[in-house]
Amino acid sequence: MVDYLLAVGKTRPISICIDECQGLNACEPSFWSEFELAWNIHQPDSKTVLMLVMSGSAGAALQKRFERPSEPLCGRADRFIALEPFPLRVEAEILDDYAPNAENDNLLALHVLTGGVVWLIEDLMERGAADLPRMADAVFQSGSKFIMEGESELANEFPGDASRNRTILQALASGKTKREELQEELGSVSASGFLSRLEKNWGLIAPLRPVLSPDYRRVRYELSDRYLAWWLAFIQGAESEL
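Residue numbers (the working numbering): 349 to 590.
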């Protein structure tokens, strides 16, 4: 398919958009290497006019595909666009559209619950949740994006068997931040490699090093993704009670 599209690009300009492209790993694992091969074959003659836009919600997975030296498409992206959360001013305008003259407490609740993330704000507003009590109810309703997105995010970041990564993240969310505590969760399996990948490859955790001590064994860790920290602490395993 990729080879065909690149060939078509020699006869007329075309644009291709692939959303949630990290899902290609599950349905077509060979896509990335095949794309690299086809690109190398067709691109040198510079007759192919093709704009390829690839997007997704798993930031770490996308970064891995286009920036890690061992990946087929490393260095081939011309532009990166990162969608940032809405600023508080825009959140206030949106809330005013749905609830004119809303109290400041409701704006504060909207910002605390969503962090300005567009699709979370959309979820609340479409559910008619424009004040704190209704926002709280909407967050824990069946089908809420707040509940469903956690599992989706983990599935995108860790396709296949990722039980040990999940074990570490769950332990951090429950308050176990010391390296030795995390090692106990994994038993005889060394935690070093998993901690390193969760920090450097996925950006989901961050080390908290003592200022006056270089001893790596005294390092504590925290979850960098605040939504995931909340989801692991309060949602995972409690879905049947919601």
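Ideal placement from N, C-alpha and C gives every residue a C-beta, glycine not left out. Please read these numbers as outputs of a predicted model, since none were measured by experiment.
Item, Value
"Straight-line Cα distance separating residue 533 from residue 366", "38 Å"
"contact_flag[the region 416-427, the region 451-458] where n(CB pairs < 8 Å) is 3 or more", "no"
"C-beta contact flag for residue 569 and residue 580 at 8 Å", "no"
"C-alpha gap between residue 416 and residue 444, whole angstroms", "43 Å"
"CA-to-CA distance, residue 352 to residue 521, given in whole angstroms", "47 Å"
"Contacting residues, own chain, Cβ-Cβ under 6 Å from residue 518 (five flanking each side not counted)", "580"
"When 578, 429, 584 are compared against residue 460, the one with the closest alpha-carbon", "578"
"Distance between beta carbons of residue 504 and residue 546, contact taken as under 8 Å", "No, residue 546 and residue 504 are not in contact; Cβ-Cβ is about 15 Å, not under 8 Å."
"Simplified DSSP state of residue 500, which is helix, strand or coil", "helix"
"Residues that residue 533 bridges to, as DSSP identifies them", "Answer by DSSP bridge pairing: none, since residue 533 is not bridged."
"Distance between beta carbons of residue 553 and residue 538, contact taken as under 8 Å", "With 8 Å as the limit, residue 538 and residue 553 do not qualify as a contact, their Cβ atoms being about 16 Å apart."
"For residue 583, the residue or residues it bridges with in DSSP", "Partner(s): none; residue 583 has no beta bridge."
"Beta-carbon proximity check, residue 357 vs residue 397, cutoff 8 Å", "yes"
"N-terminal and C-terminal residue of the beta strand (DSSP E) that residue 456 is part of", "Not the beta strand (DSSP E): residue 456 falls in the alpha helix (DSSP H), residues 452-462."
"Three-way DSSP call (helix, strand, coil) for residue 482 in this model", "helix"
"Integer Cβ distance of residue 457 from residue 475, believed to fall under 8 Å", "Incorrect: roughly 14 Å between the Cβ atoms, too far for contact."
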